[in-house]
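No gaps in the numbering here: position 295 of the sequence shown is 295 in our numbering, and each next residue is one more.
All residues carry an ideal CB built from backbone N, CA and C; glycine is no exception.
Bear in mind that the values here come from a model prediction, so they are computed numbers and not experimental data.
One structure is given below, encoded as structure tokens.
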Amino acid sequence: MSGTALSWTYLQDRTQFVKLGQHRSSETTLEVGVPQGSVLGPLLFAVYCSPIADVIASHGVRCHQYADDTQPHLAMRVDNTAAGLSILAACTTDVKEWYMQNGLQLNPDKSEALFMGTATQLRAVSSLTSVSVADVDLPMADLMRVLGVTFDRRLTFDNHAPAVARSCNYHARAIRHIRHLLTLDSAQMLACSLILSRIDYCNSVLHSAPSSTIQKHQQVQNNAACIVLQAPRRSDVNSLLQTLHWLPVEQRINYKLAVLTFKIQQTSSPQYLNQHISLRTSARNTRSSSVPLWCVPFRRHHSPDDRSALPRR
């Protein structure tokens, strides 16, 4: 860094020492890094690591990055998985070398690998039990937790929904114990911050999920409404939700997708989502020609066994 960036005092003349009891080491000057917890720390780290995306893209592999979490992903054909795994191995090796050259460390042992596909595709690659990542053979995982969302091999989210429900129920029981000490506004604020925030987090991945999956979260919301309003368990849940002005879970998912689509339409970002949406054009002049309707992407139909396991988005 140079110029104005170096005038930021917390990026220069920084030292550190180790203290244990009454003993203290000598101070050491820090030439790299940013203070933990600083406002610009995550942004500066993201800027510093941005070339990683170019290294990965040079191998024809796509990736998502969030802070220090980098997730390469590659589409492979079932009849040619060896070529895909070879590309992935070469890609992660170059990523490891970039980290070493730039004063960072990649720990392959803490990495995870996951095959995703239809039931037929997964059966075809069932013999593949490991994948080479940065010169380390990693066993194939059945589940992967990414930024709080649990992905399984068939993207059913059968593990994610119960995990969220368990976390919400824990906080619901805590609120129930102290509900008699809280006002209605305080109880509603706690329920929104501790329960509904978890239900709403990344809930768009559950769009068009089976009703049994959505129902797990709906039961949590119903329970929270009963606790906040101190109503019996067998009360009319719809009236309770209306009293609290809470949308049901499925409507909350649709609302989030509508807001996300509107933002993409207005800002054309993020690019990886913007490239998948387009306004529908009609060859004839119809009553809906002036209505801003979106094109529905073409989807290939699978066998019933596969279709039940795929996210229908």
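*asked:* Going by DSSP, what residue range makes up the alpha helix (DSSP H) through residue 91?
replied: Here residue 91 refers to the residue found at position 91 when the sequence shown is read from its first residue. Per DSSP, residue 91 belongs to the alpha helix (DSSP H) from 81-101.
*With 16 as the cutoff for other CB atoms within 10 Å, does residue 263 come out buried or exposed?*
In the sequence shown, the residue the question calls residue 263 occupies position 263. Burial call: exposed.
*Beta bridge counterpart(s) of residue 73 as assigned by DSSP*: If you number the sequence shown from 1, residue 73 lands on position 73. For residue 73, which the question treats as bridged, DSSP gives the partners 62.
*Taking the C-alpha atoms as reference points, what is the distance between residue 204 and residue 21?*
In the sequence shown, residue 204 corresponds to position 204, counting from 1. In the sequence shown, residue 21 corresponds to position 21, counting from 1. If you take the alpha carbons of residue 204 and residue 21, they lie about 50 Å apart.
*asked:* For residue 259 and residue 217, which I take to be in contact (beta-carbon distance under 8 Å), what is that distance rounded to the nearest angstrom?
replied: Counted from its first residue, the sequence shown places residue 259 at position 259. Counted from its first residue, the sequence shown places residue 217 at position 217. Not confirmed; about 19 Å, so no contact.
*Is there contact between the region 104-113 and the region 126-140, where contact requires at least three CB pairs shorter than 8 Å?*
yes
*Whose C-beta lies closer than 6 Å to the C-beta of residue 88 among residues of the same chain, with five residues either side of it excluded?*
Position 88 of the sequence shown, counting from 1, holds the residue named residue 88. Once the five neighbours on either side are set aside, the close Cβ partners of residue 88 are 74.
*Considering only residues of the region 218-252, which uninterrupted alpha helix (DSSP H) runs meet the minimum length of 4 residues and lie entirely inside it, listed in chain order?*
237-244
*Count the other CB atoms, across all protein chains shown, that sit within 10 Å of the CB of residue 160; report buried if there are 16 or more and exposed otherwise.*
Taking the sequence shown and counting its residues from 1, the one referred to as residue 160 is at position 160. Buried, by the Cβ-count rule.
_Beta-carbon proximity list for residue 112, same chain, < 6 Å, skipping 5 on both sides_ = Start at 1 with the first residue of the sequence shown, and residue 112 comes out as number 112. The beta carbon of residue 112 is closer than 6 Å to those of 141 and 144 in its chain, skipping five residues each way along the sequence.
*Just mark residue 225 as buried or exposed, buried being the case when its beta carbon has 16 or more other beta carbons within 10 Å.*
Working through the sequence shown from its first residue, we reach residue 225 at position 225. Classification of residue 225: buried, given that the 10 Å Cβ count is 16 or more.
*Could you pull out every unbroken beta strand (DSSP E) segment of at least 3 residues lying fully inside the region 149-219, listed in chain order?*
Listed in chain order, the complete beta strand (DSSP E) runs (minimum 3 residues) inside the region 149-219 are 149-152.
_Tell me the rounded alpha-carbon separation between residue 242 and residue 178._
Here the question's residue 242 lines up with position 242 in the sequence shown. Here the question's residue 178 lines up with position 178 in the sequence shown. Approximately 24 Å, taken between the alpha carbons.
*Would you kindly work out how many angstroms separate the C-alpha atoms of residue 234 and residue 228, rounded to a whole number?*
Indexing the sequence shown from 1 puts residue 234 at position 234. Indexing the sequence shown from 1 puts residue 228 at position 228. Their backbone Cα atoms lie some 14 Å apart in a straight line.
*Would DSSP call residue 39 helix, strand or coil?*
Position 39 of the sequence shown holds residue 39. If DSSP states are grouped into helix, strand and coil, residue 39 belongs with coil.
*asked:* Here's a check: name, in chain order, each residue in its chain whose Cβ is nearer than 8 Å to the Cβ of residue 288, leaving out the five neighbours to either side.
replied: As a working note, residue 288 is residue 288 in the sequence shown. Correct list, in chain order: 282.
*asked:* Which residue wins for smallest C-alpha separation from residue 48, given the options 65, 155, 61 and 58?
replied: Numbered from 1 along the sequence shown, position 48 holds the residue referred to as residue 48. The candidate whose alpha carbon is nearest that of residue 48 is 65.
*Which residues bound the alpha helix (DSSP H) around residue 22?*
By one-based count along the sequence shown, residue 22 stands at place 22. Run containing residue 22: none; DSSP gives neither H nor E here.
*Below 8 Å between beta carbons: does that hold for residue 154 and residue 114?*
The residue you call residue 154 lines up with position 154 of the sequence shown. The residue you call residue 114 lines up with position 114 of the sequence shown. No, the Cβ-Cβ distance between residue 154 and residue 114 is not below 8 Å.
*Between residue 207 and residue 277, which are expected to be in contact by the criterion C-beta below 8 Å, what is the C-beta distance as a whole number of angstroms?*
Taking the first residue of the sequence shown as position 1, residue 207 is located at position 207. Taking the first residue of the sequence shown as position 1, residue 277 is located at position 277. Actually they are not in contact, since the Cβ atoms of residue 207 and residue 277 sit about 14 Å apart, beyond 8 Å.
*Assigned secondary structure, residue 14 (DSSP; H/G/I helix, E/B strand, else coil)*: By 1-based counting over the sequence shown, the position of residue 14 is 14. Looking at residue 14 - three-state DSSP - the assignment turns out to be strand.
*In this structure, does DSSP put residue 147 in helix, strand or coil?*
Along the sequence shown, one-based indexing puts residue 147 at 147. In the structure shown, residue 147 sits in coil (DSSP, three-state: anything other than H, G, I, E or B).
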